[in-house]
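Report on the following structure.
In full-length UniProt numbering, the protein residues as written are 1 to 167.
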């Protein structure tokens with residue numbers, strides 16, 4: 001208070017988890033000397049909590065915008081790949097539908113499993129990420145997306161188990 005200017009100090013009490021705003025205003029006598037001080041103390045705990053919540057919401061919003069961008073960038077080439085894979089699959093199935101499975105089964109020593117549609121699983125993940133963009137009221141939460149990815153390799157597990165255990 002040497003300058004005679006008002007001082008505003010924010011104080012945080014860590015043990016109570018509260019925040020205080022201390023405002024000190026000088027009162028001057030007729031000769032312009034600081035005669036007295038007025039102290040005003042305000043509890044700003046709620047304001048600090050609301051600011052922290054707002055910052056958290058802004059961080060989540062940025063994360064969702066990033067996730068939406070990633071999903072959008074994955075969906076575009078994925079759609080092309082999926083379409084071409086379906087065309088190839090149909091052509092191969094038409095040519096070898098009766099001859100190929102028995103030959104491969106004999107080579108593997110067991111009946112082959114049909115691998116799941118990996119592209120569909122990746123597409124589902126992208127669609128869940130884009131649900132926010134379409135105005136969904138709730139944010140989709142992928143609790144364990146690695147399980148979806150793990151299931152996409154399920155048909156290959158029997159023959160090459162040692163290669164996929166880490167998934």
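Beta carbons are placed, not taken as given, at the ideal position from N, Cα and C, and that holds for glycine.
Here the structure is a predicted model, which means the values were calculated and not measured.
- Query: Can you tell me whether DSSP reads residue 16 as helix, strand or coil?
  - Reply: Numbered from its first residue, the chain shown carries residue 16 at position 16. Coil, per DSSP.
- Item | Cβ separation of residue 19 and residue 48, assumed to be a contact under 8 angstroms, to the nearest whole Å | The sequence position of residue 19 within the chain shown is 19, counting from 1. The sequence position of residue 48 within the chain shown is 48, counting from 1. Residue 19 to residue 48, Cβ: 5 angstroms. Contact.
- Item | Among 11, 128 and 37, the one whose alpha carbon lies nearest that of residue 71 | Residue numbering aside, residue 71 sits at position 71 when the chain shown is read from its first letter. Checked all of 11, 128 and 37; the closest Cα to residue 71 is 128.
- According to the Cβ coordinates, are residue 34 and residue 4 closer than 8 angstroms? Counting from 1 along the chain shown, the entry for residue 34 is found at position 34. Counting from 1 along the chain shown, the entry for residue 4 is found at position 4. Cβ distance < 8 angstroms, so residue 34 and residue 4 count as in contact.
- Message: What I want to know is whether the C-beta of residue 23 ends up closer than 7 angstroms to one or more non-hydrogen atoms of the ligand COA.
- Response: Absence of the ligand COA from the depicted structure is noted, as is the absence of any ligand whatsoever, leaving it without description.
- Assuming residue 38 and residue 50 make a contact with CB atoms under 8 angstroms, what is their CB distance in whole Å? For the purposes of this step, residue 38 is taken as residue 38 along the chain shown, with counting starting at 1. For the purposes of this step, residue 50 is taken as residue 50 along the chain shown, with counting starting at 1. Rounded, the Cβ-Cβ distance is 27 angstroms, inconsistent with contact.
- Item | Residue from 15, 62, 40 and 36 with nearest C-alpha to residue 169 | Residue 169 is absent from the model: the chain starts at 1 and stops at 167.
- Could you tell me which of 12, 121 and 61 sits nearest to residue 42, measuring between CA atoms? Counted from its first residue, the chain shown places residue 42 at position 42. Measuring from the Cα of residue 42, the nearest candidate turns out to be 12.
- Item | Neighbourhood of residue 8 by C-beta, 6 angstroms cutoff - its chain only, sequence neighbours within 5 removed | For the purposes of this step, residue 8 is taken as the residue at position 8 of the chain shown. These residues qualify, in order along the chain: 23.
- Using the C-alpha atoms, what's the distance from residue 64 back to residue 79? By one-based count along the chain shown, residue 79 stands at place 79. By one-based count along the chain shown, residue 64 stands at place 64. So the two alpha carbons sit approximately 22 angstroms from each other.
- Task: Tell me whether the beta-carbon of residue 31 lies closer than 8 angstroms to the beta-carbon of residue 21.
- Result: By one-based count along the chain shown, residue 31 stands at place 31. By one-based count along the chain shown, residue 21 stands at place 21. Result no, Cβ atoms of residue 31 and residue 21 do not sit closer than 8 angstroms.
- Cα-Cα separation between residue 61 and residue 82, rounded to whole angstroms: As a first step, residue 61 must be located in the chain shown, where it is residue number 61. As a first step, residue 82 must be located in the chain shown, where it is residue number 82. Cα to Cα, the separation comes out at about 30 angstroms.
- Delimiting residues of the beta strand (DSSP E) encompassing residue 40: As a first step, residue 40 must be located in the chain shown, where it is residue number 40. Taken as a continuous stretch (DSSP letters only), the beta strand (DSSP E) holding residue 40 covers 34 to 43.
- Message: Cutting at 6 angstroms between CB atoms, please list the residues of its own chain near residue 88, excluding the five before and the five after it.
- Response: Counting from one through the chain shown, the residue named residue 88 turns up at place 88. Excluding residues within five positions, none has a Cβ falling inside 6 angstroms.
- Query: Just the Cα atoms here: how many angstroms apart are residue 14 and residue 52?
  - Reply: To locate residue 14, count along the chain shown from 1; it is residue 14. To locate residue 52, count along the chain shown from 1; it is residue 52. Looking at the two C-alpha atoms, the distance is approximately 15 angstroms.
- Pick helix, strand or coil for residue 141, following the three-state DSSP scheme. As a first step, residue 141 is located in the chain shown; it is residue number 141 there, counting from the start. Since pLDDT at residue 141 reaches only 49, below the 50 mark, its modelled position is unreliable, and no value is offered.
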